[in-house]
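**Student:** Pasting a structure here, questions to come.
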Amino acid sequence: MTEKKQPGEFQGEKALVRAFHDALDRSTPDTIEQALTGFVSPDWHWRGMHPFHEQRGAAAVARVFWTHCGTRSSRFSAAPTSSLPAATRSTAARASGLPRWAT
C-alpha cells in the first residue's frame, strides 16, 4: 500500500501537467499529434463525446478531435472568444484545455 502524499509532494505531477498544457498551447494543427505523443501511451484509449466517440492513439485523437476543433472551435465553445483580447483568449484556451490556435 502506498503512503498518502502530503500537499507539497505533488510538484513532479504538477510539472508534468504544466508541460503537457504548454505542449498543447505551443502546438499547431500540423504538430498536435507530436505534442500528444510526448505525453500519452501508444495504446491510449480516448473516450470522447459525440461526434468524436472512442479513439485509439495520439494520431487518431489528433485527426478526429483536435484538428476538428481547430477548424471549427466556435461550434464547440460556450461563448465566442474571437472578440476577446488576445491575453484573455490565451487564458480561456488554457482553462478549456484547447491550444491557442483552437480558440
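Numbering (this note's numbering), first residue to last: 2 to 104. We treat Cβ as the ideally placed atom computed from N, Cα and C, and that holds for glycine. Small disclaimer: the values here were computed from a predicted structure and weren't measured.
For residue 17, count neighbouring C-beta atoms within 10 Å of its own C-beta (all shown protein chains included) and say buried if the count is 16 or more, exposed if not.
**Tutor:** Residue 17 comes out exposed.
**Student:** Can you find at least 3 beta carbon pairs, one from the stretch 26-43 and one from the stretch 58-65, that sit closer than 8 Å?
**Tutor:** The stretch 26-43 vs the stretch 58-65: in contact.
**Student:** Can you tell me the Cβ-Cβ gap for residue 27 and residue 44, rounded? I've got them flagged as a contact below 8 Å.
**Tutor:** About 25 Å; that fails the 8 Å criterion.
**Student:** Leaving aside the five residues before and after residue 47 along the sequence, list all residues of the same chain whose C-beta is less than 6 Å from its C-beta, in chain order.
**Tutor:** Taken in chain order, the residues that qualify are 56, 62.
**Student:** Comparing alpha-carbon positions, which option in 52, 3, 54, 40 lies nearest residue 23?
**Tutor:** Taking only the C-alpha atoms, the option nearest residue 23 is 40.
**Student:** What's the call for residue 11, buried or exposed, on a 16-neighbour Cβ count within 10 Å?
**Tutor:** Classification of residue 11: exposed, given that the 10 Å Cβ count is below 16.
**Student:** Pick helix, strand or coil for residue 55, following the three-state DSSP scheme.
**Tutor:** Reduced to three states, the DSSP call for residue 55 is strand.
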